[in-house]
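Sequential numbering from 7 applies to the sequence shown in my numbering.
The beta carbon of each residue, even a glycine, is placed where N, CA and C say it ideally should be.
As structure tokens, the structure follows; a few thoughts come after it.
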Amino acid sequence: MDETTKPVVAALAKGVRRAMPIVLGYVPIGFAYGVLAGKSGISDANTLLMSLIVFAGSSQFIAVGLFASGTGPAAVILTTFVVNLRHMLMAASLAPFLSGWKKRHLAWFSYELTDETFALHSASAATLSECRLEALSLNMTAQASWVAGTLLGIVASGLIGDVKPLGLDYALAAMFIGLLVGQCENRVRVITAILSGGIATLLYLAGWHQFHIIVATVAGATLGLMVEQWIKR
Numbered sequence: 007m008d009e010t011t012k013p014v015v016a017a018l019a020k021g022v023r024r025a026m027p028i029v030l031g032y033v034p035i036g037f038a039y040g041v042l043a044g045k046s047g048i049s050d051a052n053t054l055l056m057s058l059i060v061f062a063g064s065s066q067f068i069a070v071g072l073f074a075s076g077t078g079p080a081a082v083i084l085t086t087f088v089v090n091l092r093h094m095l096m097a098a099s100l101a102p103f104l105s106g107w108k109k110r111h112l113a114w115f116s117y118e119l120t121d122e123t124f125a126l127h128s129a130s131a132a133t134l135s136e137c138r139l140e141a142l143s144l145n146m147t148a149q150a151s152w153v154a155g156t157l158l159g160i161v162a163s164g165l166i167g168d169v170k171p172l173g174l175d176y177a178l179a180a181m182f183i184g185l186l187v188g189q190c191e192n193r194v195r196v197i198t199a200i201l202s203g204g205i206a207t208l209l210y211l212a213g214w215h216q217f218h219i220i221v222a223t224v225a226g227a228t229l230g231l232m233v234e235q236w237i238k239r
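Structure follows, in structure tokens:
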């Protein structure tokens, strides 16, 4: 390996390593999605295409449920669009750190950005402009694991009656908890996490199932900033 390729390989490998916590969550959740999609009558090809093209876990599960209930395509598209509105906030948050990227890299990065990869990128946002290959490698590894889980689910769809007893639905929550713990490095972040989680829970219980995440994100970030300013006084 020559000196010009070593940094490239190192950056790609680092992205893969950083994605491992996400991989551990995505494979079982992707597996559950593949099984549920098959049970809902969605063809294997369309099940796989959703993971390749849509690549949004919550939207894919919602779409499967809507298709299974006979909902029309327009309603499915509108519902999944509303569910994914939070991606506008995530993109806006990272945009200042990606100003030096080429458009094709921005497009690829945005396409594979998820809640989980956003959490990791946010933790090292200041270095994103210099770590393009690492960031793209992280995203690609995450999607590859989701697609792999989907394929396994498609294969196992005819063998498994119900995935709920397997507890696979908890894998996503467990992964988020792990990512959150890694970022709670000071009082401000701990307080912000508690406030955001509390707001999201209250809104969900109040029936705001479509907007509880995006509202809690904005409110939690605002309150976190206020707490930080108060502590610095």
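Exposure of residue i, with buried meaning 16 or more beta-carbon neighbours within 10 Å
i: residue 171; result: exposed
i: residue 236; result: exposed
i: residue 43; result: buried
i: residue 239; result: exposed
i: residue 89; result: buried
i: residue 228; result: exposed
i: residue 206; result: buried
i: residue 192; result: exposed
i: residue 3; result: This structure does not reach residue 3, given that the chain is present from 7 up to 239, and the question cannot be answered.
i: residue 79; result: exposed
i: residue 183; result: exposed
i: residue 19; result: exposed
Neighbourhood of residue i by C-beta, 6 Å cutoff - its chain only, sequence neighbours within 5 removed
i: residue 61; result: 149
i: residue 70; result: 42, 43 and 46
Length of the line joining the Cα atoms of residue i and residue j
i: residue 66; j: residue 100; result: 24 Å
i: residue 203; j: residue 11; result: 43 Å
i: residue 127; j: residue 85; result: 27 Å
i: residue 31; j: residue 68; result: 18 Å
i: residue 218; j: residue 224; result: 10 Å
i: residue 230; j: residue 17; result: 32 Å
i: residue 113; j: residue 226; result: 28 Å
i: residue 138; j: residue 116; result: 12 Å
i: residue 49; j: residue 208; result: 37 Å
i: residue 110; j: residue 38; result: 32 Å
Own chain, CB closer than 8 Å to residue i, minus 5 neighbours either side, in chain order
i: residue 186; result: 125 and 199
i: residue 134; result: 100, 103, 104, 127 and 141
Same chain, Cβ closer than 7 Å to residue i, five either side skipped, listed in chain order
i: residue 41; result: 159, 162, 163, 166 and 169
i: residue 210; result: 218
i: residue 131; result: 100 and 103
Please confirm if the region 137-156 is in contact with the region 53-70, defined as three or more CB-CB distances below 8 Å between the two stretches. yes
Do the region 93-100 and the region 113-122 meet, that is, are 3 or more Cβ pairs less than 8 Å apart? yes
For the region 74-85 against the region 102-115, are there 3 or more C-beta pairs whose distance is under 8 Å? no
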